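52 is the number that my numbering gives to position 58 of the sequence shown; each next residue is one higher, with no gaps.
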Amino acid sequence: MNPLKLRMGARRLATALLALLPWLCLPPLAHGAESPAEPGALVSTVALKRGELPLTLTGFGVVAPEAGQSQNVSVQRAGRVERLRVAVGAQVQRGQPLMELAVDPAAAQAFAQARNAQQYTEGEVARIEALVAQQLATRSQLAQARQAAADAREAVRVQERLGGAAERITVTAPISGLLVALPVAQGDRIPAGAAVAQLANTDSLRVALGIEPGDVRHLRSGMAVRLASVFDETRSVTGQVVLVQRAINPKSQLVDAVVRFQPTADSGLLPGLRVRGDIQFAKAEGWLIPRSALVRSGDGFAAFQVADGKAARVAVQVITEQGDQAVVKAPFDAQRRLVTTGAYQLTDGMAVREAKS
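What follows is the structure in structure tokens.
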């Protein structure tokens, strides 16, 4: 073999060994060594306490005027609506103009006929009185003439109450209140006796709240009710249950609880508005915990307590909830803290770390 090639190969081998030398000097990796312990799940906790929350029933309904506190406005003469002076929702005062009506010519003609009949019958009375004085007519004929004249005068008075010979009528509000209905439009022709508006006295309003039939046993007259618009629950008033009906409403299949209330200027609870009513009928007592501590478990709920750095699962029965709190029944250990944040990541016996407050 060529000596030159042997020397070159030896130098290459020596160079490779020198490159591997640092790695060969490292200590061997210990097989089977334990990996560092994983840290526990980070959770927030609170101390347990007992407390109470109100038990409430909730129903929905529509605000309406009190029975007997609304009044229809009608016109006794046929005509055409020439001008509307108000709109639905307006608060009007007694005597305030609502609309102007052009009287039907036939109605004016009826007044003229009544006046003509009155003049004719009064003339007949004078003529027959003269004949009686001349013994050319009987007193019974005079009595009949006087009765006809009286009937004619009454007919004129009726026509005058209906507007007389006026070609236009201004329809006014008979009471002060809220205009809740205006079933006519400008230009409409309306018959005699037709209702053209509806006014409601808003000093007192009512709402029929639909309650589940199974919950009616908790209600009685006199209970306080918090009423608020379904569109803005921050604006509310307090009312009172005045009647719990003992029959199912065929439309809603619920039982109506009638609530009376006095509206305030800033409540915005006007007739026709849909509202929510909350009725407190009792109080629930038990463990008062944050709702964030509850986790779903099958068909129910559970919560976790911390026991020696481990999560301890506890089955929970929720009695009632309100806002971010709940009253529950559970076999808690009163000495252990309750997990409020991070409960959904836990399992029974899992290591946990409590966040520092």
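In this text, a Cβ means the ideal position worked out from N, Cα and C, and glycines have one as well. For clarity, every value in this text was computed on a predicted model and none was experimentally measured.
Would the beta-carbon of residue i fall within 7 Å of that of residue j?
| i | j | result |
| --- | --- | --- |
| residue 36 | residue 229 | no |
| residue 146 | residue 112 | yes |
| residue 299 | residue 309 | no |
| residue 184 | residue 53 | no |
| residue 210 | residue 236 | no |
| residue 202 | residue 62 | no |
| residue 95 | residue 163 | yes |
| residue 270 | residue 224 | yes |
| residue 240 | residue 272 | no |
| residue 169 | residue 88 | yes |
Give me the Cα-Cα distance between residue i and residue j, rounded to the nearest whole angstrom.
| i | j | result |
| --- | --- | --- |
| residue 274 | residue 173 | 34 Å |
| residue 50 | residue 165 | 47 Å |
| residue 74 | residue 65 | 22 Å |
| residue 255 | residue 268 | 14 Å |
| residue 341 | residue 38 | 15 Å |
| residue 200 | residue 315 | 28 Å |
| residue 100 | residue 107 | 10 Å |
| residue 142 | residue 262 | 58 Å |
| residue 90 | residue 175 | 16 Å |
| residue 30 | residue 325 | Any answer about residue 30 is weak, because its pLDDT of 49 lies below 50 and its placement is not dependable; what the coordinates show is given next. Whole-angstrom Cα-Cα distance: 36 Å. |
| residue 171 | residue 232 | 21 Å |
| residue 18 | residue 34 | Low confidence applies here, because residue 18 scores a pLDDT of 49, under 50, leaving its location unreliable and the question unanswered by this model. |
| residue 82 | residue 266 | 11 Å |
| residue 260 | residue 334 | 39 Å |
| residue 69 | residue 98 | 12 Å |
| residue 345 | residue 44 | 27 Å |
| residue 136 | residue 161 | 37 Å |
| residue 84 | residue 58 | 16 Å |
| residue 264 | residue 318 | 31 Å |
| residue 242 | residue 226 | 29 Å |
| residue 295 | residue 189 | 59 Å |
| residue 120 | residue 127 | 11 Å |
Rank the options by C-alpha distance to the C-alpha of residue i and give the top, closest one.
| i | options | result |
| --- | --- | --- |
| residue 258 | 196, 60 and 313 | 196 |
| residue 291 | 338, 328, 148 and 128 | 338 |
| residue 92 | 178, 114 and 335 | 178 |
| residue 139 | 125, 186, 83 and 151 | 125 |
| residue 103 | 294, 86, 71 and 114 | 71 |
| residue 86 | 231, 303 and 167 | 167 |
| residue 285 | 336, 304 and 277 | 336 |
| residue 115 | 270, 144 and 278 | 144 |
| residue 194 | 45, 67, 349 and 345 | 67 |
| residue 186 | 319, 46 and 153 | 153 |
| residue 244 | 80, 207 and 148 | 207 |
| residue 320 | 278, 349, 350 and 293 | 278 |
| residue 370 | 242, 84, 318 and 105 | Lying outside -5 to 351, the shown extent of the chain, residue 370 is not represented and no answer is given. |
Could you name the residues of the same chain whose beta carbon sits closer than 6 Å to that of residue i, not counting the 5 residues immediately before and after it, in chain order?
| i | result |
| --- | --- |
| residue 60 | 198 and 200 |
| residue 238 | 213 and 251 |
| residue 276 | 49 |
Let me check you understand the geometry: is the CB of residue i closer than 6 Å to at least one non-hydrogen atom of the ligand GTP?
| i | result |
| --- | --- |
| residue 51 | With respect to small molecules bound, the structure shown includes none, and the ligand GTP cannot be examined in it. |
Excluding the 5 residues preceding and the 5 following residue i in the sequence, name in chain order all residues of the same chain whose CB lies nearer than 7 Å to its CB.
| i | result |
| --- | --- |
| residue 332 | 39, 40, 42, 283, 287, 297 and 299 |
| residue 322 | 280, 281, 283, 310, 311, 312 and 313 |
| residue 301 | 330 |
| residue 343 | 304 and 305 |
| residue 246 | 204 |
| residue 327 | 299 |
| residue 216 | 234 and 235 |
Whose C-beta lies closer than 8 Å to the C-beta of residue i among residues of the same chain, with five residues either side of it excluded?
| i | result |
| --- | --- |
| residue 182 | 74 and 75 |
Output yes if chain E places a C-beta closer than 7 Å to the C-beta of residue i; else output no.
| i | result |
| --- | --- |
| residue 328 | Among the protein chains of the structure shown there is no chain E, as only one such chain exists. |
- Message: Going residue by residue through the region 127 to 194, where are the continuous alpha helix (DSSP H) segments of at least 4 residues, counting only ones entirely within it?
- Response: Counting only runs of 4 or more, we get 133 to 155.
- Message: What ranges does the beta strand (DSSP E) occupy inside the region 41 to 66, keeping only unbroken runs of at least 3 residues that lie completely in it?
- Response: When DSSP assignments are scanned along the region 41 to 66, the uninterrupted stretches of beta strand (DSSP E) that are 3 or more residues long and fall wholly within it turn out to be 44 to 59.
- Item | beta strand (DSSP E) segments (min. 3 residues) lying fully within the region 92 to 131 | For the region 92 to 131, not a single whole beta strand (DSSP E) run of length 3 or above is found.
- Query: Can you list the beta strand (DSSP E) stretches of 3 or more residues lying completely in the region 273 to 305, in chain order?
  - Reply: You should have 289 to 291 and 294 to 301.
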